[in-house]
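Residue numbers (my numbering): 313 to 515.
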């Protein structure tokens, strides 16, 4: 007498089959969900509400402090109170401010890649550290030289600490992006080897 397979049993057995390429078999035959591509690993982590909240919060802070810092330097440049020796540092601050405003929307567009974002963010973090060190030496480390005393000293001392905050924010963001990139790369490598293993098993 032939075996009878009910439609319900067929539907239950088909439900056990992986419907996504990210779902693979373990060595014990059980199913579990694991990302096998770079993008899948990034998506899995960004789907965490805490991770998304951290990323949104740090982007808002980066924009706010970059705006405050850039405008402060622009005001001093527009007043013509900057000595010629320090003029290059002020110009560099405006270039960095512009680069920050360009990088932030690009980060939003490449939210789920992270393959090169971490490089840009580390560069910005280093530049903000250099900016902080330059103006800290001029306005905070000791008495201000007469040639630099024409600026608003209170504003400049405040903006120095804004540069430090900008450095810390971009360093945190760069570390986050680096971890995401490493996670995606690790998942892609595992997925590659898993694909090769399954191909060998089917031969």
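Beta carbons: idealized from backbone N, C-alpha and C, even for Gly.
So, for residue i: in the same chain, excluding its five sequence neighbours on each side, which residues have a beta-carbon less than 7 Å away from its beta-carbon?
i           : result
residue 479 : 437, 440, 441 and 444
residue 357 : 363, 492 and 495
residue 402 : 385, 388, 389 and 394
residue 342 : With a pLDDT of only 40 at residue 342, under 50, the local geometry of the prediction cannot be trusted, and no value is derived from it.
residue 421 : none
residue 375 : 416
residue 505 : none
Ends of the alpha helix (DSSP H) at residue i?
i           : result
residue 390 : 361-391
residue 426 : Taken as a continuous stretch (DSSP letters only), residue 426 belongs to no alpha helix (DSSP H), as it is neither H nor E.
Among the options, which has the Cα closest to the Cα of residue i?
i           : options               : result
residue 435 : 451, 412, 452 and 363 : 412
residue 484 : 473, 373, 360 and 391 : 373
residue 383 : 405, 414 and 451      : 405
residue 428 : 449, 490 and 454      : 490
residue 381 : 475, 426, 419 and 482 : 475
residue 399 : 421, 514, 450 and 513 : 450
residue 486 : 391, 359 and 426      : 426
residue 464 : 391, 369 and 365      : 391
residue 365 : 488, 505 and 512      : 488
residue 407 : 418, 419 and 379      : 379
List the whole-angstrom C-beta distance separating residue i from residue j, where the pair is believed to meet the contact cut-off of C-beta under 8 Å.
i           : j           : result
residue 367 : residue 416 : The pair is not a contact, with the Cβ atoms about 12 Å apart (cut-off 8 Å).
residue 477 : residue 409 : About 14 Å; that fails the 8 Å criterion.
Can you give me the Cβ contacts of residue i inside the same chain, cut-off strictly under 6 Å, excluding the 5 residues immediately before and after it?
i           : result
residue 447 : 472
Looking only at its own chain, which residues have a Cβ that is under 8 Å from the Cβ of residue i, when we skip the five neighbours before and after it?
i           : result
residue 452 : 469 and 472
residue 481 : 370, 373, 374 and 377
Inter-stretch contact at 8 Å, needing at least 3 Cβ pairs: the region 425-433 / the region 467-474: No: the two stretches stay apart, fewer than three of their Cβ pairs being nearer than 8 Å.
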